[in-house]
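The sequence shown begins at 44 in the working numbering and counts up one residue at a time. What follows is a single structure, written as structure tokens, with notes after it.
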Amino acid sequence: GGWSGSARVQLADVPRPPSPRAPAPRQGSRDASSKNVGERHDGGDDETTTSRGVGAAWGDGWADVAFASLGQAAAASGFGIVVASLAVATERRTGSEAVGTLALAVEMFARAVASLPAARRANARGRREVIAHAGCLGIVGSLVAFADFYLDSHVLYFLGVALIGVANCVAQQLRFAAAEAVAPEHRPRALSFGVAGGTLAAFIGPEVAKATRTALAEEFAACFLAMAGCYAALVAFTLRIRSAGPRPRYDISNPDDAPIRTDAKESLAWPSAELERSVNARKGLAGVTCAWTAMFLVMSAAPLAMTGRREGGHSFDEAATALQLHMIAMFLPGLLGTGDLVKRFGPDTVSNVGCASYLACAAFTYIAVPERTGYGERVPLWTFHVLLVILGVAWNLTFIAGSALMLPDGVTLDAAGSVRVQGAAEAVTFFAVGIAAALAGATLGAVGWRGLCA
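This is the structure in structure tokens:
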């Protein structure tokens, strides 16, 4: 399939089953008292192993969290360039706001299609290989879209955008790779740190978009070359995450040492059993879906509203700066302690605060944005800034809380079931976001910025 091919260097991470002829360790000996790598106890992960079955001490685990966070920074930088430039570039190439946000919809629908196969492959081969391969697709997609600026076929352009979407989809697994690298009690903080890598992207992505927009004769073409560099960095950082390697090939708790076999059809299937069994999985799926959909409906239309003549009339650089503030608000709270809030107050409370912040966005829009924009009145730049910052914080709280609910709990959701639920959540989320992005441009033209945000 599209995810075939194994990185040979990962084979060293795979623990080998004990030989049937090897003498059994004596009860009470050091070997007998120590836990087998990858063995589960009470349905959960051992505190010194990851869910991939690769031993990792506490310090080693946090090194992997750092590389996952840097990989997130690289992927989110590519996504930052996409958000800042894709809709505007497409609108200027086609002359249509609706087609401008349709390009973002294609990117999101590609994410939705790739989510479940990527989760299946992550269960079979480990997250590291899947994310690295997806990063390579991001490089190819960026170069294909770049080439179409000179070929002007539009077909290659949207094909490249779709491949970029696959890369951005699979890069979402980095937050779970960070959480799985450490002991269970540290997972909310590690997950939050994994997401917080996007803080760097908030400075890199929009600034790169501004710097490269006119670097070549074709406006925005160089932005896609910069995207390729971001996804190359994603691959480099991902390959350093040791704990996200392949799962053990053998069930070492099985006395017959029988190979673990995974049914591809079962792995691709919707995780009905896990969702029925775990109320947290259902809440996590709903929370992540709502977080992304509500946020992206506004964010995808923001560059068009800010640069459009009808309401904003602001420059591209001003729009990119506003999106930069939005991305800082999306990712910086993760570094400041969203994971600690989840651990202390629980994911439900944090998610409720995030949902209340979304309602605050709607209230602010009605208070601060002039009612009759497009009739001589413009939307002030500061209102874009404030709205996008509140929106970013709302996303962070709701997204991290929802993601934490989908982690293995050792009772109703094991590690493999957790990966299937995560894949299903990504599929539902990005399908909904794709619809929102497809409608955002037309909705902006029909009801204006004030109506869209409300």
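Beta carbons: idealized from backbone N, C-alpha and C, even for Gly. The structure displayed is predicted, hence computed values, not measured ones.
Item: Rounded straight-line distance, which links the Cα of Trp438 to that of Gly547; Value: The question about residue 547 has no answer, for the chain in this structure spans 44 to 497.
Item: Local Cβ density within 10 Å of Gly138, reported as buried at 16 or more and exposed below that; Value: exposed
Item: Backbone CA spacing between Tyr194 and Ala254 [nearest angstrom]; Value: A quick correction: the sequence has Leu, not Tyr, at residue 194. Whole-angstrom Cα-Cα distance: 23 Å.
Item: Ile371 versus Leu379 - alpha carbon distance; Value: 12 Å
Item: Cβ neighbours of Ser461 in the same chain (closer than 7 Å, five flanking residues each side left out); Value: Met449, Leu450 and Pro451
Item: Status (buried if at least 16 other CB within 10 Å, exposed otherwise) for Phe536; Value: Residue 536 lies beyond the range of the chain shown here (44 to 497); nothing can be said about it.
Item: Which of helix, strand or coil DSSP assigns to Phe263; Value: coil
Item: Proximity of Gly248 and Gly123 at Cβ, strictly below 7 Å; Value: yes
Item: Beta-carbon proximity check, Leu147 vs Ala480, cutoff 7 Å; Value: yes
Item: Reduced DSSP category for Glu172 - H, G, I as helix; E, B as strand; rest coil; Value: helix
Item: Closest by C-alpha distance to Gly491, when choosing among Phe474, Arg352 and Val393; Value: Arg352
Item: Reduced DSSP category for Pro413 - H, G, I as helix; E, B as strand; rest coil; Value: coil
Item: Beta-carbon gap between Thr144 and Gly484 smaller than 7 Å; Value: yes
Item: Cβ-Cβ distance between Ser158 and Phe263 below 7 Å; Value: no
Item: C-alpha distance - Ala245 paired with Ile478, whole-angstrom precision; Value: 25 Å
Item: Euclidean distance between Cα positions of Ala468 and Pro227; Value: 21 Å
Item: Trp335 classed as buried or exposed, judged by whether at least 16 other C-beta atoms fall within 10 angstroms; Value: buried
Item: Simplified DSSP assignment, three categories, for Ile26; Value: As displayed, the chain neither begins before 44 nor continues past 497, which places residue 26 out of reach and without an answer.
Item: Simplified DSSP state of Arg218, which is helix, strand or coil; Value: helix
Item: C-alpha gap between Glu150 and Arg170, whole angstroms; Value: 21 Å
Item: Cβ neighbours of Ala108 in the same chain (closer than 8 Å, five flanking residues each side left out); Value: The sequence shown places Val at residue 108, rather than the Ala named in the question. Same-chain partners within the cutoff: Ala221, Ala224, Val225, Ala233, Phe236 and Gly237.
Item: Nearest-angstrom beta carbon gap, Gln216 and Ala165 [assumed within contact, 8 Å]; Value: 6 Å
Item: Top-ranked residue by Cα proximity to Gly397, from Phe442, Gly181, Tyr274 and Val213; Value: Phe442
Item: Asp195 (DSSP reduced to helix, strand or coil); Value: coil
Item: Start-end ranges of the beta strand (DSSP E) lying completely within the segment 236-262, minimum 3 residues; Value: none
Item: Buried or exposed (CB count within 10 angstroms, at least 16 for buried), Thr257; Value: exposed
Item: Reduced DSSP category for Val225 - H, G, I as helix; E, B as strand; rest coil; Value: coil
Item: Beta-carbon gap between Ser185 and Phe267 smaller than 7 Å; Value: yes
Item: Cβ shell of Pro298 (< 6 Å), same chain only, five flanking positions each side left out; Value: Note that Pro298 scores 40 on pLDDT, short of 50, meaning its location in the model is unreliable and no value can be drawn from it.
Item: Assumed close pair Gly178, Thr242 - CB separation to whole angstroms, cut-off 8 Å; Value: About 20 Å separates the two Cβ atoms, so there is no contact after all.
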